[in-house]
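Colleague: Below is the structure I would like to discuss, written out as structure tokens.
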Amino acid sequence: MGAFLAGLLGHTYLRYGLASLVALAGDVGLFMAGLHLGMAPAAAAAFGYMAGILMHWLISSRLVFAQGVAASGADRVRQKALFVGSALIGLALTTGIVALGAMLGVMPLLAKALAVAVSFQATYMLRKAIVFV
1250 MGAFLAGLLG HTYLRYGLAS LVALAGDVGL FMAGLHLGMA PAAAAAFGYM
1300 AGILMHWLIS SRLVFAQGVA ASGADRVRQK ALFVGSALIG LALTTGIVAL
1350 GAMLGVMPLL AKALAVAVSF QATYMLRKAI VFV
């Protein structure tokens, strides 16, 4: 079982998925808290997503793409900026999908679930191809 798990964790996409689940737990928790506090669905989605950005950087740079992390200095600053840029694309997708869902009368959590799927794929592709190369 240990060798099987180690083999699975050897795959970047799976590690990225696990990192995303951790960040998503924080994101959705804050999203739900924002809704409970009376925030508009799109604003609550943006608030949760922004907190998830920080969580995801910490996990991705240490456990998912550790071999691609730039050394300190200008290269690392550039990499962090690219990471945040990819996250902002995910944020725009998330906020837009949740806002559209709200306009169409879709339950906020269902719209958020769709947004998560779209944002996950987009940010993974950007980070693998551009941020951590």
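According to the numbering used here, the residues represented by the sequence shown are 1250 to 1382, in order.
Just so it is clear, CB atoms sit at the ideal spot from N, CA and C, and this is done for glycine as well.
If you're wondering where the values come from, they're calculated on a predicted model, not measured in any experiment.
Just how far apart, CA to CA, sit Ala1341 and Phe1314?
Modeller: 23 Å
Colleague: Counting C-beta neighbours from all protein chains within 10 Å, is the total for Leu1279 16 or more, i.e. buried, or is it exposed?
Modeller: buried
Colleague: Would you mind working out which of Phe1332, Leu1263 and Pro1357 sits nearest Gly1317, comparing C-alpha positions?
Modeller: Phe1332
Colleague: Please state the DSSP three-state secondary structure of Val1296.
Modeller: Before going on, a small fix: residue 1296 reads as Phe here, not Val. Phe1296 falls in the helix class under three-state DSSP.
Colleague: Would Ile1346 be called buried (16 or more neighbouring beta carbons within 10 Å of its own) or exposed?
Modeller: Burial call: buried.
Colleague: Taking Ala1364 as the reference, give the member of Gly1339, Ile1302, Arg1311 and Ala1292 with the closest Cα.
Modeller: Gly1339
Colleague: What would DSSP say about His1285, mapped onto helix, strand or coil?
Modeller: helix
Colleague: Touching or not, the segment 1322-1330 and the segment 1357-1376, by the rule of three or more beta carbon pairs under 8 Å?
Modeller: no
Colleague: With DSSP as the reference, label Phe1381 as helix, strand or coil.
Modeller: Coil.
Colleague: Identify whether Met1352 lies in helix, strand or coil by the three-state DSSP scheme.
Modeller: DSSP places Met1352 in helix when its eight states are reduced to three.
Colleague: Tell me whether Val1318 sits in a helix, a strand or coil according to DSSP, three-state version.
Modeller: coil
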